[in-house]
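Offset between the sequence shown (1-based) and the numbering used here: plus 67. Where is the CB? At the ideal position from N, CA and C, for every residue including glycine. Note that this is a predicted model, so its numbers are computed, not measured. Have a look at the structure below, then the notes.
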Amino acid sequence: MFVDNEHCSTQRTAFVSSTVFDMTEKSGSSDGSRTFQAGPIRIRVSTSGSGSRELPKERLTVDRIVDAALEIMSVEGYDAVTMRSVAKRLDTGPASLYAHVANRLELDQYVVNRIAAGIVVPPPDPEHWEDQLRDLGQRTLEAFRAHPGSARASMGLVPSEEGALVQAEGMMAILLAGGIKPQLAAWFGDLMALYVGSVAVEESIWVDRAKAGAGPQSEEDAIEGFRQMFEALPDDRFPNLRSMASVMVAGDGARRFEFALDVLIAGLKSLNEREA
């Protein structure tokens, strides 16, 4: 904008603070702003970044809380997960978490639900129900392995969230389709969950020991150590264990897990036939 001043032979801008006042910088600030003095006017100018406002924090949800809990478990172990440690990872306070998760027990429910929801349970097949149970047991173990520490959350817990209930419903459908009586099916479901969960917990203990340098660094090292222990036993006191040293440690974890599932299912079938 220009003004025509009859007392001036030249045109100049109407906003002439830089010519009317001596504009000097007075001070800087820790927040990145700068202050200028223009005559009687003090002007503060922000110089941090592009002047854009700080983005708001991502909204806190149950899913984000579970994500944080699983991350802590995988790195530091199950015992490292507390409401305070989860809140710290999410850059918030514990009070914020309680608006979404009532306590640690409920957090365990959400963790178990997350694991169970990722396990696909097939429609029941009466002709292959035994294989379906074996496959379900293997998938559950693999899901726990994918999230170290999570199996501990399933111990001493009766799942009540939808994902876990859907998995339990699917297992009951497979058992009933195989002709297993309802009471035996219910007890077997509990036994299966306990066995698979305990295997996953034991595996995580071995892994944690290896990380800390307090145990064998591999399954092969552990097996060889146990074999040598059995072979070194005094023959007069432990004749069977010493003579069976090689078979006591035979088979890797996968083969032993398959064996256990076979024993569980065979025992279930035997009991079911006995009560026919």
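Contacts around tryptophan 196, its chain only, beta-carbon distance under 6 Å, and the 5 residues preceding and following it disregarded: Ile241, Ala244, Gly245
Residue of Phe305, Gly280, Phe255, Ala260 minimising C-alpha distance to methionine 222: The residue with the shortest Cα to Cα distance from methionine 222 is Ala260.
Using the C-alpha atoms, what's the distance from methionine 296 back to arginine 304? 14 Å
In this structure, does DSSP put glutamine 199 in helix, strand or coil? helix
Looking at C-alpha atoms only, which residue of Trp273, Leu224, Ser265, Pro249 is the closest neighbour of isoleucine 290? Closest in alpha carbon position to isoleucine 290, among Trp273, Leu224, Ser265, Pro249, is Trp273.
Please state if the CB of leucine 172 and the CB of valine 133 are separated by a distance shorter than 9 Å. no
Assign valine 142 to one of three DSSP states: helix, strand, or coil. helix
Excluding the 5 residues preceding and the 5 following arginine 181 in the sequence, name in chain order all residues of the same chain whose CB lies nearer than 6 Å to its CB. Around arginine 181: Val133.
Tell me which residues share the same chain as alanine 267 and place their Cβ nearer than 7 Å to its Cβ, disregarding the 5 neighbours each side in the sequence. Leu208, Phe211, Arg212, Ala218
Can you give the Cα-Cα distance for glycine 320 and alanine 162, rounded to whole angstroms? 43 Å
With a CB to CB cut of under 8 Å and the five nearest residues on each side skipped, what residues in its chain are close to glycine 118? Confidence is the limiting factor: at glycine 118 the pLDDT is only 48, short of 50, which leaves the residue's position unreliable and the question unanswerable from this model.
Quick one: residues in its chain with C-beta nearer than 7 Å to the C-beta of leucine 232, no 5 flanking neighbours on either side, listed in chain order? Here leucine 232 has Pro226 as same chain residues with Cβ atoms under 7 Å from its own Cβ, once five neighbours each way along the sequence are excluded.
Alpha carbon to alpha carbon, how far is alanine 136 from alanine 153? Give it in angstroms, no decimals. The sequence given here has valine at residue 153, not alanine. Taking the straight line joining both Cα atoms gives about 6 Å.
Could you pull out every residue in the same chain whose Cβ sits closer than 6 Å to the Cβ of valine 316, ignoring the five residues on either side in sequence? Ile290, Phe293, Arg294
Chain-order list of residues whose beta-carbon lies under 8 Å from that of aspartate 202 (same chain, five-residue window excluded): Contacts found: Pro189.
May I ask you to report which of helix, strand or coil DSSP gives arginine 126? coil
Tell me the rounded alpha-carbon separation between valine 187 and glutamine 234. Distance between the alpha carbons of valine 187 and glutamine 234: 8 Å.
Own chain, CB closer than 8 Å to isoleucine 332, minus 5 neighbours either side, in chain order: Glu197, Leu200, Arg201
Is the beta carbon of glutamate 342 closer than 9 Å to that of leucine 251? Yes, the pair counts as a contact, with Cβ atoms nearer than the cut-off.
Tell me which residues share the same chain as alanine 183 and place their Cβ nearer than 6 Å to its Cβ, disregarding the 5 neighbours each side in the sequence. Gly230, Ala231, Gln234
Reducing DSSP to helix, strand and coil, say where valine 179 ends up. helix
Cβ-Cβ distance between glycine 144 and proline 215 below 9 Å: By the CB criterion at 9 Å, glycine 144 and proline 215 fall inside the cutoff.
Identify which residue in Leu328, Val129, Arg156 has its Cα closest to the Cα of isoleucine 139. Arg156
Could you give the distance in angstroms between the alpha-carbon of glutamate 194 and the alpha-carbon of arginine 322? Between glutamate 194 and arginine 322, the C-alpha separation is close to 24 Å.
Give the range of the alpha helix (DSSP H) segment to which glutamine 295 is assigned. 286-298
Residue from Ala169, Asp302, Glu298, Val179 with nearest C-alpha to alanine 312: Glu298
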